[in-house]
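What follows is a set of notes on a single structure, which appears directly below.
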Amino acid sequence: MMRSVTLLSLTMFALAVATGCSTKPKRPVLQHPQAVTVMTYNVENLFDTEDDPQIEDETYLPQERKSHPLIMAKCMELRQDWWKKECLEKDWNQKFLRRKMQRLADVILQVNQGRGPDVVVLPEVENQKVLDQLRVRFLQKANYKPAILVEGPDSRGIDVGILTRLPLVGAPTLHVVQFTEDADLGVKKEDIHPTRGILEATLKLPDGQLLTVLGIHFPSQGSPTGFRQQAIARLKEVKDKLPKDRMVIVGGDFNITISEDLSHKLYSSELSQEFGVSHLIGCSQCRGTHYYHRKRSWSFLDALLFSKDLLPKGSGPWKVEPSSIFVANDSLYQRNRWGSPARFGDGRRSTGVSDHWPLVATIVPRSPSVLMSKSKEKSNESN
Amino acid sequence: MNRINYFAFLVGLLGFFMSASALAQNFSVVETLDNGRNPWSMSLFSLASIEPEKADEGGRLSTYNYLSFNRRLSSHTRFAVRTPFIYNSYGYDRFNAGQVQDQELFLQDVFFSYTDYNIALLPGDIEVFWEGRVYIPTSQHSQDTKMVTRLRNDLIFSKLLTHRVQLSYINKFNYYHQSRTAYRNTFIGDEGDEITVTSLTKRMEVDHWLELWYALNPETGIGFKVGGEDTWWNRSEIENKEKAPEHLLKVGPSFRFSLTNSMNFIFSVDSKVAHISDLGRLNPEHINVALLSFIRF
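Protein chains in written order, with our numbering: chain A, 4 to 386; chain B, 58 to 354.
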């Protein structure tokens, strides 16, 4: 009997290893000397360990500071019980911040043979200082220029930041997203709070062409769809004010769930009118960037949008490669035991970094012959 | 009660106690911390084992179980009071000269437990789990041996090697605080007669092993362990008696699976031998088959 049990165990082990090896999805490999890789990655509450009285950052302070009456009082003012509890109990000191940043760096550097993407849009960063700490102390291999971040009015105190190796042209701009009461859209006056703005940064591509990156973080699912619809309208306004021939990539956390997109077609119609949406033009094998445990569903809360001239059939000098679009989740820190994004939590476990997975895409120069033929087509049409 | 009835009894017991279960944390080879809203919870642990060579010949099913009353103290710590009991079915076993034994149910030592599920994260992302236990001598055996208390220290060091592979080192150390070094021990001899001898009390035990787990999917995994069990006894000056420490080696495969978020099981087959040369022989008398069950309410 024991020999049978042993043989069965060894057979199961061999089968398991064989199965495990064969189910790993193949990562797209794009070889191009001038390829530019873009990533969007919601880093889930990257806060420093210092108190900023202007924002609600009391949750992210060292435990020894939380006994201060002022801090405790601010924690007790928080709206939800779980948030109150987290605010009072979470120990956010330098040790945990370093651990968080080390893990974020591991995630970011998993692409481009350990160099990280050329451009990365990072929602949920407290301030430029903490983003530069991440850049300088943990992302040296990426050789990024100083962080791009303009602080906005969000009451939680989080903003969108950008790290890039590409030169910045001009100064970055933050476009405030202002909501207006609209009964039809379900936007009520009492629900309107200051939120994250749209960060605009124009970068110079290797061939001198200009690319404008818009970093966004739309209101969460705690707000009705109308808020995200108004945010989309604002995004389109910002994009329309840019030069007509400007290539634009929008990256960030849109907070649009799969069910919301099915019912309101925010990705599939509203945004697709003006952009190519990453998971609609590529990434067909991807399940999503966020998993909602309660509903057991995957969504692309995070996306990269490409202006029409960047699409394969577009006329811009650069184009996105749909086959290059993928969700990066190879870091050991990224997956919990169910295979979905692992939150950083209290930072005591060996896994856990963010409740989102990053989305990556690559753009490449369009070949000169293609550019020429497109240019001829345009001049024929105008004649 | 035969083996089928035992499992029916266990299912019935579970049905009686089970209510809405909270979400569990990550699957682990040990009990996991329930981080639901209610800091109070109950759980059931069962270790059922059988000697395989007698499994089909009236071999005895032996189970060690405890009901645990838990209070979560923080996101990673818990205090518990546990009431263990042993149930052995009717049948033969290796003890008591292979005689048929009646079924029996008796209380073991109640113990208090403090657990820190993430007491440290060592360099190299090695997680450390720690549990300390203090046992009260409520069992008949502890009272017969006049044990004062037993202290137990569990440490588990775990490291994820890949998304699917985890390596763990488990160390369970027991220290027996005894009031005497020897006691009168009565058992049934080969002839079926009652024999009383003087036995030495235990001083300490270490059960430790290295285990490699491969996750087939979130609910199941297979593992293999290599380790040892070491026991030391007290020396009795009055009885002029001493016993050499016992050192056993053990190896064997395991299979873990979960039926729900609150019910995890580990099925294992261990070969325990005194000499390394016996390890590969797979003699039935060295083999133990066990099922560990963790159920949270």
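No residue lacks a Cβ here, since even glycine has one placed at the ideal position from N, Cα and C.
Note that the structure is predicted; figures quoted are calculated from it, not measured.
Burial is judged here by how many other beta carbons sit within 10 angstroms of a residue's own beta carbon; A/GLU47 has at least 16 and is buried.
In this structure A/LEU49 does not touch A/MET75 by the C-beta definition: roughly 24 Å separates them, more than the 8 Å allowed. When DSSP reads this structure, B/ILE252 sits in a beta bridge with B/PHE244.
Taken in chain order, the complete beta strand (DSSP E) segments of 3 residues or longer contained in the segment 115 to 165 of chain B are 118 to 129, 134 to 145 and 161 to 164.
Residues of the segment 114 to 127 of chain B with a C-beta less than 9 Å from any C-beta of chain A: none at all. Residues ILE213, HIS265, TRP266 and GLU268 of the same chain have their beta carbon placed closer than 7 Å to that of B/ILE227, with the five preceding and five following residues left out of the count. According to the DSSP assignment, B/GLN235 belongs to the beta strand (DSSP E) that extends over 222 to 235.
By the rule that beta-carbons nearer than 8 Å mark a contact, B/SER132 touches chain A.
By a beta-carbon distance limit of 8 Å, A/PRO320 contacts A/ARG369. Their separation comes to about 6 Å.
Under DSSP, the beta-bridge partners assigned to A/PRO126 are A/VAL163. Distance from the Cα of A/LEU137 is smallest, within the candidate group A/ILE165, A/ASP157, A/GLY160 and A/VAL216, for A/ILE165. Annotated three-state conformation of B/TRP289 is strand, per DSSP. Of the candidates A/SER327, A/LEU245 and A/VAL114, A/SER327 places its Cα closest to the Cα of A/LEU283. Taking the Cα positions, B/LEU162 is about 4 Å away from B/TYR144.
When Cβ-Cβ separations below 8 Å define contact, B/ASN175 makes contact with chain A.
At the C-beta level, B/SER100 and B/ALA347 stay beyond 8 Å of one another. Taking a C-beta cut-off of 8 Å against chain A, the contacting residues of the segment 175 to 197 of chain B are ASN175, LEU178, ASP182, ILE183 and GLU184, listed in chain order. When only Cα atoms are considered, A/GLU154 and A/GLU240 end up about 21 Å apart. Per DSSP, B/PHE102 is not a residue of any alpha helix (DSSP H); the beta strand (DSSP E) it occupies stretches across 97 to 107.
Take B/PHE314, set aside five residues on each side of it, and the residues of its chain with a beta-carbon closer than 7 Å to its own are GLU276, THR277 and PHE322, in chain order.
According to DSSP, B/GLU262 shares a beta bridge with B/ASN231 and B/THR288. With its beta carbon less than 8 Å from one in chain A, B/LEU217 belongs to the interface.
Not a single CB atom of chain B sits nearer than 8 Å to the CB of A/ARG299.
Only those residues of the segment 338 to 356 of chain A whose C-beta falls short of 7 Å from the nearest C-beta of chain B are listed: ARG338, ASN339, ARG340, TRP341, GLY342, ASP349, ARG351, ARG352, SER353 and THR354. By the rule that beta-carbons nearer than 8 Å mark a contact, B/HIS220 touches chain A.
From the beta-carbon of A/LEU335, the residues of chain B found nearer than 8 Å are ASP182, LEU217, THR219 and HIS220.
Looking at the DSSP output, B/GLU268 bridges to B/SER225 and B/LYS282. Between A/GLY350 and A/LYS103, the gap from beta carbon to beta carbon is short of 8 Å. Among the residues of chain A, those whose CB is under 8 Å from the CB of B/PRO275 are ARG340, TRP341 and GLY342, following chain order.
Every beta strand (DSSP E) of 3 residues or more that sits fully in the segment 285 to 352 of chain B is shown, in chain order, as 303 to 317 and 320 to 330. Under DSSP, A/SER271 takes part in no beta bridge, so it has no partner. Residue ranges of uninterrupted beta strand (DSSP E) with 3 or more members, entirely inside the segment 159 to 226 of chain A and ordered along the chain, are 162 to 167, 171 to 178, 201 to 207 and 213 to 220. Considering only A/MET42, A/SER353 and A/ASP305, the residue with the shortest C-alpha distance to A/VAL124 is A/MET42. Assignment of beta-bridge partners to B/VAL185 by DSSP yields B/ALA177 and B/PHE214. In the three-state reduction of the DSSP assignment, B/PHE169 falls in the strand class, which pools E and B. Taking C-beta atoms as the reference points, A/VAL179 and A/GLY200 count as a pair closer than 8 Å.
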